[in-house]
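Residue numbering for the sequence shown follows the numbering used here, beginning at 35 and increasing consecutively. Backbone N, C-alpha and C define an ideal beta-carbon position, used for all residues, glycine too. Model, not experiment: these values are computed from the prediction. Have a look at the structure below, then the notes.
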Amino acid sequence: MEYTAPISRRADQVFTPALHFYYPFSIVRGEGTYVITDDGKRLLDFSSGLAVLNIGHNHPQVVDAARRQMERLIHTGGVYLNETTVTAAEMLLSIMPEGLECLFFSNSGAEAVDGALKLARFVTGRQGIVSCTGAFHGRTFGALSVTTSSAAYRARYHPLLPSIYQMPYPYCFRCPFRRTPVSCGQHCLSELETIFRHRIPPEEIAAVLIEPILGEGGYSPAPVPFLKKLRSLCNRHGILLIFDEVQSGMGRTGQWFSCEHAGVSPDIMTVAKGIASGFPLSAVVAGRNIMEQWPPGAHGTTFGGNHVSCAASIATIKVIREEGLLEKARVQGQEVLERLRRLESTHRLVGQVRGYGFMIGVEFVTEEGEPNGDACQKVINACLQKGLILIGCGRERHVIRFIPPLTVSREELESALEILEEAIRGMS
Ligand SMILES: Cc1ncc(COP(=O)(O)O)c(C=O)c1O
Numbered sequence: 035m036e037y038t039a040p041i042s043r044r045a046d047q048v049f050t051p052a053l054h055f056y057y058p059f060s061i062v063r064g065e066g067t068y069v070i071t072d073d074g075k076r077l078l079d080f081s082s083g084l085a086v087l088n089i090g091h092n093h094p095q096v097v098d099a100a101r102r103q104m105e106r107l108i109h110t111g112g113v114y115l116n117e118t119t120v121t122a123a124e125m126l127l128s129i130m131p132e133g134l135e136c137l138f139f140s141n142s143g144a145e146a147v148d149g150a151l152k153l154a155r156f157v158t159g160r161q162g163i164v165s166c167t168g169a170f171h172g173r174t175f176g177a178l179s180v181t182t183s184s185a186a187y188r189a190r191y192h193p194l195l196p197s198i199y200q201m202p203y204p205y206c207f208r209c210p211f212r213r214t215p216v217s218c219g220q221h222c223l224s225e226l227e228t229i230f231r232h233r234i235p236p237e238e239i240a241a242v243l244i245e246p247i248l249g250e251g252g253y254s255p256a257p258v259p260f261l262k263k264l265r266s267l268c269n270r271h272g273i274l275l276i277f278d279e280v281q282s283g284m285g286r287t288g289q290w291f292s293c294e295h296a297g298v299s300p301d302i303m304t305v306a307k308g309i310a311s312g313f314p315l316s317a318v319v320a321g322r323n324i325m326e327q328w329p330p331g332a333h334g335t336t337f338g339g340n341h342v343s344c345a346a347s348i349a350t351i352k353v354i355r356e357e358g359l360l361e362k363a364r365v366q367g368q369e370v371l372e373r374l375r376r377l378e379s380t381h382r383l384v385g386q387v388r389g390y391g392f393m394i395g396v397e398f399v400t401e402e403g404e405p406n407g408d409a410c411q412k413v414i415n416a417c418l419q420k421g422l423i424l425i426g427c428g429r430e431r432h433v434i435r436f437i438p439p440l441t442v443s444r445e446e447l448e449s450a451l452e453i454l455e456e457a458i459r460g461m462s
């Protein structure tokens, strides 16, 4: 076996091309906001492992908790109970919005979404599911069936799950109805009513699934009035409202969950990514009245609720509480937002800067206002040259995700902002 070839060549030999890496180089260590490459470069990591490392790489309390758990017990599957997993569930439920009282642990975001869809169908006895155009919910067959952020993810996999309907996501900067916030009136919701009138009656819809902040699809928050009206519409028709907080949850927006900015609680929530600082863990969370209708055997898992992941999750929640990271993300995130927003008027390529806390999107546009993936990629490349790692999102990869760990220091934040602003100015 040849282990001396460059790592990218070795990777090409062993991985399917379907496995995509944003950057072609290899990382050997992670330290807080930094990663260290195999040739010794120290890079500021504002990708946070795809919005997972909300308290940075290898937080000492997470490492310590995981190590101690590993020395005691790694896995029991569904064979026995274990206190760490019960405590992790209690901790997670203690930070949930109102009415979410029981959970099911799984491993990934897509698995949680699949679980939520199964739960909604099981409990309501209805088949229809409504999701949003442009949304990303994962890659398993269930999650993919409700994912429409890119046709490339769905190509050649049809037929997907039946009885899935799409309503437009309220992506206001690119309003699908060319309305403005003043003339809007939450028109996207009338499209939902059109689905009810023409395609499937509301009595046959189990759930509406939505990301309160569109993630992969472009880092665009749904307006508060929209989420409130959607909640009432679901109540009126006995439809379960599912919020996918896989990317927007666990403190990233300055609240534990982004729906708290709107003061709207779902019936079912999916959580993953930041839940255990990089250890695989996810959860489907719902009210007791819903969960108690899901009998033994209706859903299951071998690895979900792994004890090491659960120990890491407990430590993660403690760190966010003890270090006051929600407040920090709210305050410093707002400062970053205001500063980057100045670019909207001073730089023609910056169409809009938006978000909450440390979940900020910078959207790039062409002269005609179309998505400008090319400019976005050039800015990302220029930032990399200066030692800052950023990643894009959006249909045309035309939005930069500005997602540092919530533990980022003032100096790191300042240095990242200077690099980003300089890269954007360099585009004129
Ligand atoms: C909102 C949302 N839901 C679900 C997923 C899927 O998560 P995973 O990749 O862990 O399956 C993602 C991943 O980016 C996501 O952003």
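For Glu-65, the enclosing beta strand (DSSP E) covers residues 61–65. For Leu-194, the number of other beta carbons within 10 angstroms of its own is below 16, and it is reported as exposed. By the Cβ-count criterion, Ala-189 is exposed, with fewer than 16 other Cβ atoms from all chains shown falling within 10 Å of its own Cβ. The beta carbon of Phe-59 sits closer than 6 Å to those of Thr-71, all from its chain and outside the five residues before and after it, given in chain order.
Contact between the stretch 283–295 and the stretch 373–392 is established, with three or more Cβ pairs separated by less than 8 Å.
The Cβ atoms of Ser-165 and Leu-243 sit closer than 7 Å to each other. If you compare the alpha carbons of Lys-352, Leu-440 and Phe-313 with that of Leu-359, the shortest gap goes to Leu-440.
Its Cα nearest to that of Arg-155, the residue Ser-197 stands out among Asn-116, Ser-140 and Ser-197. When secondary structure is reduced to three states using DSSP, Arg-44 falls in the helix class. Listed in chain order, the non-local C-beta contacts of Asn-92 below 7 Å within the same chain comprise Gly-64 and Glu-65, local neighbours out to five positions each way being set aside. In this structure, Asp-98 has its CB at a distance of at least 6 Å from all heavy atoms of ligand 1.
The Cβ atoms of Thr-121 and Ile-324 lie no closer than 7 Å to each other. Per the coordinates, the alpha-carbon of Phe-211 lies some 8 Å from the alpha-carbon of His-221. Nearest C-alpha to Cys-293 among Lys-307, Lys-262, Gly-272 and Val-180: Lys-262.
The way I'd put it, the stretch 92–112 does touch the stretch 334–343; three or more beta-carbon pairs between them come closer than 8 Å. One alpha carbon belongs to Ile-423, the other to Gly-74, and they sit about 15 Å apart.
A contact is defined here as three or more CB-CB pairs under 8 Å, and the stretch 300–316 meets this definition with respect to the stretch 128–146. Ordered by chain, the residues meeting the criterion of a beta-carbon within less than 6 Å of a non-hydrogen atom of ligand 1 are Ser-142, Gly-143, Ala-144, Val-147, Phe-170, His-171, Gly-172, Glu-245, Gly-249, Glu-250, Asp-278, Val-280, Gln-281 and Ala-306. Annotation for Gln-419: the continuous alpha helix (DSSP H) segment containing it runs 407–419. Judged by DSSP in its simplified three-state form, Asp-98 adopts helix. The DSSP-derived three-state label of Ser-140 is strand.
Per DSSP, the continuous beta strand (DSSP E) segment holding Phe-436 begins and ends at 433–436.
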